[in-house]
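This report refers to the structure that appears directly beneath it.
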Amino acid sequence: MKKIFLLIFLCIFTLGFSQKKKKAKVKAVVEKETVIIYTEEEAENSKELRVIAGFLKQNPGHAKTEYFKKKLMLVMLADTSSDAKLATTASMGTIKTENTVKGSSLKDNNKNLASNAALASLKAERAVHYASVTSAAKTAGVSKKAEPSDESKRTAAMLTHIFNNDINKNEAYINIRNKSKCPLNVKINGRKSYTLLIPAKSQNFILIDKGDYTLSTMVCDAAYSSLKKIDKDIEIALNVAE
Numbered sequence: 269m270k271k272i273f274l275l276i277f278l279c280i281f282t283l284g285f286s287q288k289k290k291k292a293k294v295k296a297v298v299e300k301e302t303v304i305i306y307t308e309e310e311a312e313n314s315k316e317l318r319v320i321a322g323f324l325k326q327n328p329g330h331a332k333t334e335y336f337k338k339k340l341m342l343v344m345l346a347d348t349s350s351d352a353k354l355a356t357t358a359s360m361g362t363i364k365t366e367n368t369v370k371g372s373s374l375k376d377n378n379k380n381l382a383s384n385a386a387l388a389s390l391k392a393e394r395a396v397h398y399a400s401v402t403s404a405a406k407t408a409g410v411s412k413k414a415e416p417s418d419e420s421k422r423t424a425a426m427l428t429h430i431f432n433n434d435i436n437k438n439e440a441y442i443n444i445r446n447k448s449k450c451p452l453n454v455k456i457n458g459r460k461s462y463t464l465l466i467p468a469k470s471q472n473f474i475l476i477d478k479g480d481y482t483l484s485t486m487v488c489d490a491a492y493s494s495l496k497k498i499d500k501d502i503e504i505a506l507n508v509a510e
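Have a look at this one:
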C-alpha cells in the first residue's frame, strides 16, 4: 500500500515539475522605447529621406550640414519613383510656404532643410519633371494626370512633419524596429486604429494622431501588448527574450 502511495506521489511531483518547466519555456517580449534621435553615423550610412532630414532638423549647426543637405537632395532626385519625386518636392514647397507665412526665412533660423538656392533648385527640378511627365503622357496618348503613390504620400507627410516647427502639432510618429526573426503585424488602437507591417530584422514607421494607444502584436510565438501615451516621436525596438 505504501508503495502505491509513493508511486502516486512521484507521478504528481513529476507532472508538476514538467508543467513548471513548460511554463519556463514561454518566451517573453523584450521592449525598448526611446525618443528618436538621429546620429551622424545614421545620416552618413542611410539612404532614407526621413533619417537624413531628421538629423538636419535636430542638428542645425552641425559642421557637415551643407554636406547632408546635398546628400538629401541627391537621394531625393535619385529616387527611381517619379511619384516620390513629385510628392517629396511638393512637401518641400509646403514647408517653404509655412515658414514664409511664419516670417522666418530658411537662412535665418538655420533649422530648415535647405538654403534658398537649394529650394530654387528643387523648384526647377519640379518644373522640369512636371514638363517631362506631361510630354510623356502626350506621347503615350495618356490624358490622366499621374498621382503620387501611397508610399510617396507617406514619405512627403513624414518630411513635412519633421520640418514642422510648431510644437503644438497634433501628430507624432512611431518607428518600430523588429529585431526578431519573425515578421510583425502591429495593431495600434486608440481614437483611431492603425496597422503597421514590419518584416523580420527590419523597421517601419507610421504617422499617427497624438493620444493614448494600445500596441499589440505577436513577436514570433510571444504575445506583446502595451498601453502608451504617444505625445512625441518615439522608437520602439521589439525582440524575443533568449
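Heads up: the sequence shown runs through residues 269 to 510, numbered per the working numbering.
Each residue gets a CB set at the ideal place from its N, CA and C atoms; glycine is no exception.
Check your understanding: Any idea what DSSP makes of alanine 491, helix, strand or coil?
Key -> The residue you call residue 491 lines up with position 223 of the sequence shown. DSSP places alanine 491 in strand when its eight states are reduced to three.
Review point. Around the Cβ of isoleucine 466, are there at least 16 other Cβ atoms within 10 angstroms (buried) or fewer (exposed)?
Key: Along the sequence shown, one-based indexing puts residue 466 at 198. Label assigned to isoleucine 466: buried.
Exercise for review: Under 8 angstroms by Cβ, that's how I've got leucine 483 and asparagine 446 pegged, so tell me the actual separation to the nearest angstrom.
Suggested key: Locating residue 483 in the sequence shown gives position 215, counting from the first residue. Locating residue 446 in the sequence shown gives position 178, counting from the first residue. Contact between leucine 483 and asparagine 446 is absent: CB atoms are separated by about 13 angstroms, not below the 8 angstroms threshold.
Check your understanding: By a C-beta neighbour count over all protein chains shown, 10 Å radius and 16 as the cutoff for buried, is arginine 459 buried or exposed?
Key -> Here residue 459 is taken as the residue at index 191 of the sequence shown, counted from 1. Exposed.
Practice item. Report the rounded CA-to-CA distance for alanine 296 versus tyrosine 441, giving the unit in angstroms. Key: Here residue 296 corresponds to residue number 28 of the sequence shown, with the count starting at 1. Here residue 441 corresponds to residue number 173 of the sequence shown, with the count starting at 1. If you take the alpha carbons of alanine 296 and tyrosine 441, they lie about 26 angstroms apart.
Practice item. Identify whether tyrosine 441 lies in helix, strand or coil by the three-state DSSP scheme. Key: The residue you call residue 441 lines up with position 173 of the sequence shown. Taken through DSSP and simplified to helix, strand or coil, tyrosine 441 comes out as strand.
Review point. Hey, quick one: how far does the beta strand (DSSP E) through phenylalanine 473 stretch, first residue to last?
Key: Taking the first residue of the sequence shown as position 1, residue 473 is located at position 205. Taken as a continuous stretch (DSSP letters only), the beta strand (DSSP E) holding phenylalanine 473 covers 470-477.
Review point. Any contact of the stretch 448-463 with the stretch 418-432, i.e. 3+ C-beta pairs under 8 angstroms?
Key: By the Cβ test, the stretch 448-463 is not in contact with the stretch 418-432, since fewer than three Cβ pairs between them sit closer than 8 angstroms.
Check your understanding: Going by Cα to Cα distance, which pick from Arg318, Asn327, Ala331 and His330 is closest to serine 341?
Key -> Here residue 341 refers to the residue found at position 73 when the sequence shown is read from its first residue. It should be noted that the sequence gives methionine, not serine, for residue 341. Nearest C-alpha to methionine 341: Arg318.
Check your understanding: Skipping 5 residues on each side, what residues in its chain have a beta carbon closer than 7 angstroms to that of asparagine 443?
Key -> Numbered from its first residue, the sequence shown carries residue 443 at position 175. Excluding sequence neighbours, asparagine 443 sits near Ile304, Gln471, Phe473 and Glu503.
Check your understanding: How many angstroms separate the CA atom of alanine 491 from the CA atom of isoleucine 476?
Key -> The residue you call residue 491 lines up with position 223 of the sequence shown. The residue you call residue 476 lines up with position 208 of the sequence shown. Alanine 491 and isoleucine 476: Cα-Cα distance of roughly 23 angstroms.
Check your understanding: Does DSSP put asparagine 313 in a helix, in a strand, or in coil?
Key -> The count along the sequence shown starts at 1 and reaches residue 313 at position 45. The answer is helix: DSSP assigns asparagine 313 an H, G or I state.
Point to revise | Beta-bridge partners of alanine 505, as assigned by DSSP | key: Locating residue 505 in the sequence shown gives position 237, where the first residue counts as 1. Alanine 505 is bridged to Lys300 and Arg445.
Practice item. Find out if the Cβ-Cβ distance for the pair valine 343, isoleucine 320 is shorter than 9 angstroms. Key: Position 75 of the sequence shown, counting from 1, holds the residue named residue 343. Position 52 of the sequence shown, counting from 1, holds the residue named residue 320. Yes, Cβ-Cβ distance for valine 343 and isoleucine 320 is below 9 angstroms.
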